[in-house]
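Residue 1 is where the sequence shown starts when you use the working numbering, and the numbers rise one by one after that. All remarks here apply to the structure that follows.
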Amino acid sequence: MGDGMVKVAVFISGSGSTLKNIIDHIADETLHAKIKCVVCSRRDAKGIQFAEEASIPVVVVPRKEYPTTEDFSAVVTQSIEPFSPELIVFGGFLSLYLFAPKYHGRIINIHPALLPCFGGKGMYGDRVHEAVLRAGCKVTGCTVHFVDEQYDHGPIIAQRAIAVLEGDTVDTLGERVRAAERELYPEVINWFADSRVVLGPDGRVRVAGRGLLGEMQ
Numbered sequence: 001m002g003d004g005m006v007k008v009a010v011f012i013s014g015s016g017s018t019l020k021n022i023i024d025h026i027a028d029e030t031l032h033a034k035i036k037c038v039v040c041s042r043r044d045a046k047g048i049q050f051a052e053e054a055s056i057p058v059v060v061v062p063r064k065e066y067p068t069t070e071d072f073s074a075v076v077t078q079s080i081e082p083f084s085p086e087l088i089v090f091g092g093f094l095s096l097y098l099f100a101p102k103y104h105g106r107i108i109n110i111h112p113a114l115l116p117c118f119g120g121k122g123m124y125g126d127r128v129h130e131a132v133l134r135a136g137c138k139v140t141g142c143t144v145h146f147v148d149e150q151y152d153h154g155p156i157i158a159q160r161a162i163a164v165l166e167g168d169t170v171d172t173l174g175e176r177v178r179a180a181e182r183e184l185y186p187e188v189i190n191w192f193a194d195s196r197v198v199l200g201p202d203g204r205v206r207v208a209g210r211g212l213l214g215e216m217q
């Protein structure tokens with residue numbers, strides 16, 4: 001990283017909407033990345049088609065075929081080694097991944113809420129927006145963070161805030177959050193391409209030339 005182009009592996013489990021967004025940004029040259037491979041934890045994931053259409057190698061490692069998280073993680077790590085990714089990008093990857101030490105600080109995820117609120121195992125997609133509305137929150141958003149060995153728990157890299165409007169439904173709120181995600185994730189990946197992201201020994205993230213919380217939308 002640092003030469004203006006970052007080699008990434010994208011991990012998915014479902015529809016692949018985040019993968020498609022990344023592919024589209026690369027195609028229009030607003031994202032300085034090259035997808036070396038896509039890893040999928042389900043054989044029937046619809047997102048596989050996006051990788052195939054873009055001629056991106058796909059590695060399928062079905063989580064349900066491995067008895068333990070350790071076994072699953074070992075196979076995933078072995079599978080991506082030939083592609084030498086510099087950055088692993090989670091795009092709706094729902095399986096816990098216990099990564100090798102060399103990938104510390106090189107795996108990121110995007111979550112549809114302002115962490116540390118409304119995160120954790122089972123908190124994804126519309127479940128998050130339902131919880132936000134149920135709690136009566138006035139602000140929500142999305143968070144890009146480093147991945148550690150817990151769900152939605154690693155150091156926060158960037159956030160974008162979204163106002164919760166009177167009369168919002170899961171669908172209307174979810175669409176605005178997804179729109180913010182489509183903008184923020186490529187922006188953060190570009191920071192990695194430019195070596196602007198530093199994970200300090202204190203566990204805090206610093207990004208050269210930018211605040212960590214964007215303007216509210």
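We put the beta carbon where it would ideally sit given N, CA and C, even for glycine.
By DSSP, does residue i sit in helix, in strand, or in coil?
i	result
GLN78	helix
VAL144	strand
THR121	What sits at residue 121 in the sequence shown is Lys, not Thr. Correct three-state label for LYS121: coil.
VAL8	strand
LEU212	Note on LEU212: pLDDT 49, under 50, position unreliable in the model; the coordinate value appears next. If DSSP states are grouped into helix, strand and coil, LEU212 belongs with coil.
PHE90	strand
LYS138	coil
HIS114	One point to set straight first is that residue 114 is Leu, not His, in the sequence displayed. Here LEU114 sits in coil by DSSP.
ARG42	coil
ALA158	strand
ALA131	helix
Quick one: what's got a C-beta closer than 6 angstroms to residue i's C-beta in the same chain, skipping five residues either side?
i	result
ARG206	VAL198
TYR66	PHE72
ARG196	VAL207 and ALA208
LEU173	HIS129
LEU212	The predicted position of LEU212 is uncertain, since its pLDDT is 49 and thus under 50; no value can be drawn from it.
In its own chain, which residues sit with a C-beta less than 8 angstroms from the C-beta of residue i, not counting the 5 before and 5 after it?
i	result
SER15	ALA45, LYS46, GLY47 and GLY92
PRO57	LYS36, CYS37, VAL38, ALA51 and PHE83
GLU86	MET1, VAL6, LYS7, VAL8, ARG106 and PHE192
VAL170	ASP126, HIS129, GLU130 and LEU133
LYS34	MET5, VAL6, LYS7, VAL8 and ILE26
Once the 5 residues before and after residue i are set aside, which same chain residues still bring their CB inside 7 angstroms of it?
i	result
ALA180	GLY141, CYS142, ARG160, ILE162 and GLN217
LEU115	THR143, HIS145, ASP152 and ILE156
VAL10	LEU19, ILE22, ILE35, VAL38, VAL89 and GLY91
ARG204	PRO155
Cβ atoms of residue j and residue i: under 7 angstroms apart, would you say?
i	j	result
ASP152	HIS104	no
HIS145	GLY154	yes
THR77	ALA100	yes
VAL177	LYS138	no
ILE156	VAL188	no
ARG63	SER41	yes
LYS109	VAL147	Residue identity check: residue 109 is Asn in the sequence provided, not Lys. It is a contact, given that the beta carbons lie within the stated cut-off.
ALA54	ILE23	yes
LEU98	GLU149	yes
Does any CB atom of chain D fall closer than 7 angstroms to the CB of residue i?
i	result
LYS34	The structure shown has no chain D; it contains just one protein chain.
Kindly provide the ranges of any beta strand (DSSP E) runs that are 3 or more residues long and lie completely inside the stretch 44-79, ordered along the chain.
Uninterrupted beta strand (DSSP E) stretches at least 3 residues long and entirely within the stretch 44-79 occur at 58-60, given in chain order.
If you pair each beta-carbon of the stretch 91-111 with each one of the stretch 14-29, do three or more pairs fall below 8 angstroms?
In this structure the stretch 91-111 lies against the stretch 14-29, because at least three pairs of beta carbons, one per stretch, are closer than 8 angstroms.
Which complete beta strand (DSSP E) runs does the stretch 171-208 hold, if anything under 3 residues is left out?
The DSSP assignment places complete beta strand (DSSP E) segments of no fewer than 3 residues inside the stretch 171-208 at 197-199 and 205-207, in order along the chain.
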